[in-house]
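K.L.:
Can you read through this structure? Questions will come right after.
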Amino acid sequence: MAKRDYYEVLGLNRGASEDEVKKAYRRLAMKHHPDRNPDDVHAEERFKEASEAYEMLADQEKRAAYDRFGHAGVDPNTGGMSGGFDGSFSDIFSDVFGDIFGSARSGRTSVQRGADLRYSLELELEQAVNGDSVEVGIPVLTACEDCDGSGAKPGTRPTTCPDCGGSGQIRVAQGFFSLQQTCPRCRGAGKVITDPCRTCGGGGRIEKRKTLSVRIPAGVDSGDRIRLAGEGEAGLHGGPPGDLYVQIEVREHAIFQREGKHLYCDVPISFVDAALGGELEVPTLDGRVKLKIPTETQTGKMFRLRGKGVTPVRGGSVGDLLCKVSVETPVKLNDAQRELLREFKRTLERGGGKHSPKESSWFKGVRDFFDNLKP
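The sequence shown begins at 515 in the working numbering and counts up by one.
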């Protein structure tokens with residue numbers, strides 16, 4: 515089968531620059547590489563076709579012969595230039611695919627940033643609303659002081675890896691080309707430790723318990739996170755440390771419930787205070803305040819105390835405290851109290867249903883309901 519024009523394979527014009535050739539090949543190689551298309555039986559053919567086109571057009575001498583004589587100019591069977599995949603393609607492949615597979619031709623991957631850590635911190639509602647400073651103790655990997663984080667025994671130093679020559683990468687042949695991959699012996703560090711530090715066992719890090727002071731800003735809530743930069747695990751081989759994220763969890767409160775910037779609480783009152791009205795002391799996070807109860811107050815009535823809620827941590831107006839009244843029925847009455855209540859009930863009954871409007875309307879609704887059920 516006749517070969518396609520190399521420029522056509524790469525989707526280029528004949529005057530394309532070297533950079534355009536390289537970019538076109540990278541795009542096609544990433545698209546058709548067999549590892550990225552395990553279910554496509556034609557992917558490898560398209561990949562090889564693009565690779566052959568790139569090998570010819572990336573070499574100025576081969577490209578000149580191809581531009582003048584076509585495929586015959588680079589086909590050794592017709593007396594053209596020596597070509598094909600003779601083992602030198604590995605240099606071309608590593609040049610183009612270094613960034614695709616994450617390998618580095620000259621850089622080392624030994625320096626690694628330390629891992630981020632997460633710490634769950636439980637707070638009382640008062641601490642979350644008003645802010646606080648809390649000390650926490652966390653286990654964390656820190657740089658070994660004996661070896662200064664190198665992992666080598668004090669007085670010695672890591673030596674160059676004999677397998678990769680210090681590059682951290684080795685070439686592995688796969689068919690007609692070769693891949694660069696992380697050196698398995700030094701794991702990309704480029705160096706090996708022949709005499710490891712006894713304190714850290716060659717890891718360069720040891721676990722310690724660190725005590726930190728965490729400043730809690732006013733207004734935080736469950737789910738908020740506080741970031742402590744550089745307080746995570748130590749990095750490897752001189753890499754920067756990670757961060758510590760403190761996850762806030764606010765405990766349930768005996769009196770208040772929080773919803774966003776507002777606080778809620780239930781206020782029990784006697785049925786006498788509910789009927790006659792009065793003044794009650796209710797708690798807030800700032801202290802006690804007087805709450806006026808109007809006459810004939812019903813269960814479920816909500817009173818709003820403005821500005822007695824939470825100042826949002828991200829700014830905004832202060833929330834409110836909403837007090838919900840719950841009328842309590844008296845218990846453990848003596849005989850005299852029961853008789854007074856019976857007399858009180860008789861006086862209400864003589865006055866009709868005007869003293870209990872909801873009760874009268876409810877019973878009327880019940881009667882109407884049953885009347886409508888009759889055939």
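Backbone N, C-alpha and C fix where the C-beta goes; we use that ideal spot for every residue, glycine too. None of these values were measured; they are calculated from a predicted model.
1) Please classify K576: is it buried, with 16 or more other beta-carbons within 10 angstroms of its beta-carbon, or exposed?
2) Would you report the Cα separation of T861 and A789, rounded to the nearest angstrom?
3) What are the complete beta strand (DSSP E) segments, minimum 3 residues, inside the segment 757-838?
4) Using the Cα positions of V841 and L855, report the straight-line distance between them to the nearest angstrom.
5) Kindly list the residues whose CB is nearer than 6 Å to the CB of C779, restricted to its own chain and excluding five residues on each side of it in sequence; keep chain order.
6) Is the segment 658-673 touching the segment 782-802 in the sense that three or more CB pairs, one from each, lie closer than 8 Å?
7) Would you decide whether I614 is buried or exposed? Buried here means 16 or more other CB atoms lie within 10 Å of its CB.
8) Which word fits P731, buried or exposed, when buried means at least 16 other C-beta atoms lie within 10 angstroms of its C-beta?
9) So, for A572: in the same chain, excluding its five sequence neighbours on each side, which residues have a beta-carbon less than 8 Å away from its beta-carbon?
10) Assuming V706 and L635 make a contact with CB atoms under 8 Å, what is their CB distance in whole Å?
11) Using only CA atoms, which one of G680, D709, R712 lies nearest to C697?
12) For the alpha helix (DSSP H) containing R739, list its first residue and its last residue.
13) Who pairs with A657 in a beta bridge, going by DSSP?
14) Mapping the DSSP letters down to three states, classify T861 as helix, strand or coil.
15) Which of the three DSSP states is assigned to G651 in this structure?
16) Taking the Cβ atom as the reference point for each residue, do V827 and V734 lie within a distance shorter than 7 Å?
P.N.:
Based on what the coordinates show:
1) The sequence position of residue 576 within the sequence shown is 62, counting from 1. Looking at its Cβ environment, which holds 16 or more other Cβ atoms inside 10 Å, K576 is buried.
2) What you label residue 861 is simply residue 347 of the sequence shown in a count that begins at 1. What you label residue 789 is simply residue 275 of the sequence shown in a count that begins at 1. Straight-line measurement puts the Cα of A789 at about 15 Å from the Cα of T861.
3) As far as the segment 757-838 is concerned, its whole beta strand (DSSP E) runs of at least 3 residues are 758-764, 771-773, 776-784, 792-798, 801-807, 816-819.
4) Counted from its first residue, the sequence shown places residue 841 at position 327. Counted from its first residue, the sequence shown places residue 855 at position 341. C-alpha separation (whole angstroms): 16 Å.
5) Counting from 1 along the sequence shown, the entry for residue 779 is found at position 265. Excluding sequence neighbours, C779 sits near I769, F770, C837.
6) These segments do not touch.
7) Here the question's residue 614 lines up with position 100 in the sequence shown. In this predicted model, I614 has a pLDDT of only 42, less than 50, meaning its place in the structure is not dependable enough to derive any value.
8) Counted from its first residue, the sequence shown places residue 731 at position 217. P731 should be labelled exposed.
9) Looking up residue 572 in the sequence shown gives position 58. Hits under 8 Å: E532, V535, K536, Y539, I606.
10) If you number the sequence shown from 1, residue 706 lands on position 192. If you number the sequence shown from 1, residue 635 lands on position 121. About 41 Å separates the beta carbon of V706 from that of L635, a gap too long to meet the 8 Å contact definition.
11) Taking the sequence shown and counting its residues from 1, the one referred to as residue 697 is at position 183. Between C697 and the set G680, D709, R712, the nearest pair of CA atoms involves G680.
12) The residue labelled residue 739 in the question sits at position 225 within the sequence shown. That residue, R739, is in no alpha helix (DSSP H); its beta strand (DSSP E) goes 739-742.
13) Residue mapping note: residue 657 aligns to position 143 of the sequence shown, counting from 1. Answer is R719, bridged to A657.
14) Translated into the one-based positions of the sequence shown, residue 861 becomes position 347. It is helical.
15) Position 137 of the sequence shown, counted from the first residue, corresponds to residue 651. Note: G651 maps to strand in three-state DSSP.
16) Here the question's residue 827 lines up with position 313 in the sequence shown. Here the question's residue 734 lines up with position 220 in the sequence shown. Yes, Cβ-Cβ distance for V827 and V734 is below 7 Å.
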